[in-house]
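The block underneath contains the structure these notes are about, expressed in structure tokens.
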Amino acid sequence: MDELQIDWKQERPTSSELAGLWYSVKLTRLDNWTLATDTLKEKISETHCNGGIQIHKYKISANQHFDWFAQRNRLYEIDFLKNIFSHTDLEDYRSDLEIKGNKPKVKIVKYWTDIYELPGRLSRIMGLGGAYKSIDQRHAWTIANDFVKDEFENRFEEFNTYDFVIEAAQWFHDIAWDSSILLFDKRKYEIIIIDITDTD
Numbered sequence: 012m013d014e015l016q017i018d019w020k021q022e023r024p025t026s027s028e029l030a031g032l033w034y035s036v037k038l039t040r041l042d043n044w045t046l047a048t049d050t051l052k053e054k055i056s057e058t059h060c061n062g063g064i065q066i067h068k069y070k071i072s073a074n075q076h077f078d079w080f081a082q083r084n085r086l087y088e089i090d091f092l093k094n095i096f097s098h099t100d101l102e103d104y105r106s107d108l109e110i111k112g113n114k115p116k117v118k119i120v121k122y123w124t125d126i127y128e129l130p131g132r133l134s135r136i137m138g139l140g141g142a143y144k145s146i147d148q149r150h151a152w153t154i155a156n157d158f159v160k161d162e163f164e165n166r167f168e169e170f171n172t173y174d175f176v177i178e179a180a181q182w183f184h185d186i187a188w189d190s191s192i193l194l195f196d197k198r199k200y201e202i203i204i205i206d207i208t209d210t211d
């Protein structure tokens, strides 16, 4: 089934069907990064030299009840971010970001049903830089666009994008250069989480 094709005949899952949803949905960590992603990580590690960047990727298992919300851009109705970040399969993510407890509080700052903003957001992070370092704006733009082209195949309208803040993550320096982005790929059923921090 093509996840991008909405099955309009499928009825909204009932409360009882949703009760065990997040126990049946599984997430598997992936490490199949493109060279453009390696370059992005390298450059942000340079510009945010007292902090750095972490990128995680996970495959979400297919589930007909989850599909209903994903196809219609209505994941907020099943507390998508809250349940993703507290999911048992994201224990490694919580460990990497030094998050205490397995049910972190997550605040959505902005939400888009596309990734048109992503190249500009990433190039701004590199071009303006962290506390002490930055790179040339044209170079930053090229790196950000290469990342979106190679990692996401320029499929701008096949994603949900969340800017968010996650509480109790000790890895962050809790200062102006903190940034967190989650991207949900509706075709591949993958999520990519980008976390960036720095300090002076």
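Residue numbering for the sequence shown follows this note's numbering, beginning at 12 and increasing consecutively.
Glycine is no exception: its CB is placed at the ideal position from the N, C-alpha and C atoms.
In three-state terms, what does DSSP make of Thr50?
-> Counted from its first residue, the sequence shown places residue 50 at position 39. Helix at Thr50.
Tell me whether Val176 sits in a helix, a strand or coil according to DSSP, three-state version.
-> Numbered from 1 along the sequence shown, position 165 holds the residue referred to as residue 176. In this structure, Val176 counts as strand in the three-state DSSP scheme.
Provide the residue span of the beta strand (DSSP E) that contains Lys199, from first to last.
-> If you number the sequence shown from 1, residue 199 lands on position 188. DSSP places Lys199 in no beta strand (DSSP E); its state is neither H nor E.
Compare the beta carbon distance of Asn165 and Phe195 with 7 Å and say whether it is the shorter of the two.
-> In the sequence shown, the residue the question calls residue 165 occupies position 154. In the sequence shown, the residue the question calls residue 195 occupies position 184. No; because the gap between Cβ atoms is not below 7 Å, this pair is not in contact.
Within 7 Å, strictly: CB atoms of Asp209 and Ala142 = Walking along the sequence shown from the start, residue 209 turns up at place 198. Walking along the sequence shown from the start, residue 142 turns up at place 131. Yes.
Quick one, which of Leu129, Asp185, Phe183, Thr50 has its alpha-carbon nearest Phe163's?
-> Taking the sequence shown and counting its residues from 1, the one referred to as residue 163 is at position 152. Residue nearest to Phe163 within the set Leu129, Asp185, Phe183, Thr50 is Leu129 (criterion: CA-CA distance).
Consult DSSP for Trp182 and reduce its assignment to one of helix, strand or coil.
-> Sequence index remark: in the sequence shown, residue 182 carries index 171 (1-based). DSSP places Trp182 in coil when its eight states are reduced to three.
For Ile66 and Leu92, believed in contact at Cβ under 8 Å, the rounded distance | Counting from one through the sequence shown, the residue named residue 92 turns up at place 81. Counting from one through the sequence shown, the residue named residue 66 turns up at place 55. In fact, because the Cβ distance is near 17 Å, the residues do not count as touching under 8 Å.
Look at the Cβ atom of Met137, then the Cβ atom of Lys52, and state whether they are nearer than 7 Å.
-> Your numbering for residue 137 matches position 126 in the sequence shown. Your numbering for residue 52 matches position 41 in the sequence shown. For Met137 and Lys52, no; Cβs fall outside 7 Å.
For the segment 139-153 against the segment 23-40, are there 3 or more C-beta pairs whose distance is under 8 Å?
-> When Cβ pairs closer than 8 Å are counted between the two stretches, the segment 139-153 is seen not to touch the segment 23-40, the count staying below three.
Helix, strand or coil: how does DSSP classify Thr9 here?
-> Residue 9 lies beyond the residue range present for the chain, which begins at 12 and ends at 211; the question has no answer from this structure.
How should Trp19 be labelled, buried or exposed, when 16 other C-beta atoms within 10 angstroms of its C-beta is the threshold for buried?
-> Within the sequence shown, numbered from 1, the residue matching residue 19 stands at position 8. Around the beta-carbon of Trp19, fewer than 16 other beta-carbon atoms lie within 10 Å, marking it exposed.
Cβ-Cβ separation, Ile203 to Ser191 (assumed contact under 8 Å), whole Å = Indexing the sequence shown from 1 puts residue 191 at position 180. Indexing the sequence shown from 1 puts residue 203 at position 192. Actually they do not touch by this definition, with Cβ atoms about 12 Å apart.
How many Å lie between Arg40 and Phe158 at the Cα?
-> As a first step, residue 40 is located in the sequence shown; it is residue number 29 there, counting from the start. As a first step, residue 158 is located in the sequence shown; it is residue number 147 there, counting from the start. Each residue's alpha carbon lies about 20 Å from the other.
Grouping DSSP H, G and I as helix and E and B as strand, with all else coil, what is Lys121?
-> Sequence index remark: in the sequence shown, residue 121 carries index 110 (1-based). Looking at Lys121 - three-state DSSP - the assignment turns out to be strand.
Alpha carbon of Ser134 to alpha carbon of Trp152, nearest angstrom = The sequence position of residue 134 within the sequence shown is 123, counting from 1. The sequence position of residue 152 within the sequence shown is 141, counting from 1. Distance from the CA atom of Ser134 to the CA atom of Trp152, rounded to whole angstroms, is 5 Å.
Could you have a look at Thr153 and say whether DSSP puts it in helix, strand or coil?
-> Walking along the sequence shown from the start, residue 153 turns up at place 142. The answer is helix: DSSP assigns Thr153 an H, G or I state.
Quickly, what does DSSP pair Ser191 with across the bridge? List them, please.
-> Counting from one through the sequence shown, the residue named residue 191 turns up at place 180. Partner(s): Asp206.
Comparing alpha-carbon positions, which option in Lys68, Ile95, Trp182 lies nearest Ile207?
-> For the purposes of this step, residue 207 is identified with residue 196 of the sequence shown, where counting begins at 1. If you compare the alpha carbons of Lys68, Ile95, Trp182 with that of Ile207, the shortest gap goes to Trp182.
Who are the near neighbours of His59 in its chain, counting only those whose CB is closer than 7 Å to its CB and skipping five residues on each side?
-> In the sequence shown, the residue the question calls residue 59 occupies position 48. Here the set comprises Gly141, Trp188, Ile207, Thr208, Asp209.
Alpha carbon to alpha carbon, how far is Ile17 from Asp78?
-> Here residue 17 is taken as the residue at index 6 of the sequence shown, counted from 1. Here residue 78 is taken as the residue at index 67 of the sequence shown, counted from 1. For Ile17 and Asp78, the gap between their C-alpha atoms comes out near 9 Å.
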